[in-house]
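>
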Amino acid sequence: MTWKLRTGTDFNLKRMTRRWGALAFAAAAWLLFSGMGDMGGDSTVLPPDPVENYDARLTDQSDVSVELTRFSFNGVTFINGKMGRADVSVDFENIQEAFFLNAGDGIAAKIHLKNGDMLELRVKRGDQFMGAASFGNFRIRVEDIQSVSFERR
Numbered sequence: 079m080t081w082k083l084r085t086g087t088d089f090n091l092k093r094m095t096r097r098w099g100a101l102a103f104a105a106a107a108w109l110l111f112s113g114m115g116d117m118g119g120d121s122t123v124l125p126p127d128p129v130e131n132y133d134a135r136l137t138d139q140s141d142v143s144v145e146l147t148r149f150s151f152n153g154v155t156f157i158n159g160k161m162g163r164a165d166v167s168v169d170f171e172n173i174q175e176a177f178f179l180n181a182g183d184g185i186a187a188k189i190h191l192k193n194g195d196m197l198e199l200r201v202k203r204g205d206q207f208m209g210a211a212s213f214g215n216f217r218i219r220v221e222d223i224q225s226v227s228f229e230r231r
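Heads up: the sequence shown runs through residues 79 to 231, numbered per this note's numbering.
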């Protein structure tokens, strides 16, 4: 539809709508994609500085072992998870070693305590262990771990 304006110029509604629609689409696409620059995840690893310093020997699912200091679980020095319906936190001070197995929707953590007891927790996928290795900082998801042995420094 075209109208003649008093100024003598033609006003074409169809062309105007197409131009504004294209501009609106371009603006929406820019807003959507401009925030996606880091979608691959942050590869910089900065382990927290836990209150207590624990050394650990961690073995991943590929049988690669690494010695770590300033070791933490999600930034704290205890492993937390579910035992049945209860929430449980086990301090690294009490753990001799822990083994991790894929178990359906979560990860089964079989924890051997220094007093000889054993318990099993269900931890969430995506939880992370972090620490400092001799070659640099280290971060690994719990589902990629086979075992961890603890020592307090």
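The C-beta atom is built at its ideal place from N, Cα and C for all residues, glycine as well.
So residue 173 and residue 207 are supposed to be a Cβ contact under 8 angstroms. How far apart are they, rounded?
So it is not a contact: roughly 12 angstroms between Cβ atoms.
> Are residue 169 and residue 156 close, meaning C-beta to C-beta below 8 angstroms?
Yes, the pair counts as a contact, with Cβ atoms nearer than the cut-off.
> Residue 158 by DSSP, collapsed to three states: which one?
Residue 158 falls in the strand class under three-state DSSP.
> Under 8 angstroms by Cβ, that's how I've got residue 225 and residue 147 pegged, so tell me the actual separation to the nearest angstrom.
About 18 angstroms; that fails the 8 angstroms criterion.
> Nearest CA to the CA of residue 161: which residue from 216, 184, 142 and 149?
Of the listed residues, the one whose Cα sits closest to residue 161 is 184.
> Out of 134, 141, 163 and 144, state which residue places its alpha-carbon closest to the alpha-carbon of residue 151.
Cα-wise, what sits closest to residue 151 is 134.
> Which same chain residues, not among the five before or five after residue 194, have their C-beta less than 7 angstroms away from its C-beta?
Excluding sequence neighbours, residue 194 sits near nothing in its chain.
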